[in-house]
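Residue numbers (the UniProt record's numbering): 1 to 207.
By construction, the Cβ of each residue, glycine as well, lies at the ideal position given by its N, Cα and C atoms.
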Amino acid sequence: MSRPTPSRRPLSGEGPVILHAATDPRWLPLALERFDEVLVDHAHCEKKAAANALSLLQAYPDLPGLPAQMARLAREESAHLARVLDLMAARGLTLTKDAGDPYAQGLQKLIRTPAAERRTDRLLVAAVIEARSCERLSLLAEGLTDPALARFYGELAQSEDGHQSLFYRLAVTASAGDEEGVKARLEWMLEREAQVITDVGLRAAIH
């Protein structure tokens with residue numbers, strides 16, 4: 001089986017997390033056609049991103065730099081959530097119950113159990129999710145015809161690009177500066193992420 005072609009999309013390929021498989025080209029037309037569904041899913045994604053930042057702060061308050069960074073990140077993701085909820089309200093949409101994200105669930109299964117390895121893996125999984133989100137939001141920014149919406153998603157894509165770099169740096173810190181070891185673990189995860197995104201299939205969702 002041939003290795004997936006690394007993604008080189010703008011933003012998602014600029015930081016340390018370079019996706020091994022680009023999004024299926026059929027995803028964007030589906031997302032644009034069913035954009036209301038994507039908006040609802042996007043709200044849940046922002047909600048969970050804020051919650052994850054606070055969870056990491058709760059779990060690892062002693063990791064240098066993490067508490068302040070996660071506090072800021074939780075605030076930023078909550079602000080994004082508020083903006084998405086405003087967009088939904090303008091379109092007459094309401095936030096439904098979260099049905100879960102099979103993509104994120106698939107990545108969570110990659111996290112090791114021992115405490116030290118678990119900490120590194122949680123940060124790397126967060127970095128990978130941010131990189132995929134960056135790619136998808138960039139696609140929406142390119143595909144949306146409404147200038148305000150396109151600008152909004154372009155701004156969010158830039159934010160996600162910064163977040164994936166942040167989580168990667170924290171993973172290196174969590175591994176006592178062993179960047180080569182972190183890079184190897186990240187590459188292992190990215191190989192499996194490419195399979196997870198394929199297994200999940202096409203969905204009117206961010207992932």
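Practice task
Since I believe V125 is in contact with Q108 (beta carbons under 8 Å), could you give me their beta-carbon distance rounded to a whole number of angstroms?
Solution key: 7 Å
Exercise for the section: Give the C-beta separation of L170 and G65 to the nearest angstrom, bearing in mind that I take them to be a contact with Cβ-Cβ under 8 Å. Expected result: 7 Å
Exercise for the section: Output the distance between the C-alpha atoms of A99 and V40, rounded to the nearest integer angstrom. Expected result: 11 Å
Handout entry: Bounding residues of the alpha helix (DSSP H) (the contiguous stretch that carries G162)
Key = 147 to 174
Handout entry: L73, DSSP secondary structure in three states
Key = helix
Problem - Close-in-space but distant-in-sequence residues of the same chain around Q164 (CB under 6 Å, 5 per side omitted) - result: G15, V17, A127, E130, A131
Exercise for the section: Given a cut-off of 9 Å, decide if A74 and L54 are closer than it, judged by their beta-carbon atoms. Expected result: yes
Exercise for the section: Can you tell me which of A174, P25, G92, F167 puts its alpha carbon nearest to the alpha carbon of D36? Expected result: Taking only the C-alpha atoms, the option nearest D36 is G92.
Practice task
Flag this pair as touching only if the stretch 151 to 165 and the stretch 185 to 192 have three or more C-beta atom pairs under 8 Å; answer yes or no.
Solution key: The stretch 151 to 165, when compared against the stretch 185 to 192, does not touch it at the 8 Å Cβ threshold.
Problem - L186 - DSSP class collapsed to helix/strand/coil - result: helix
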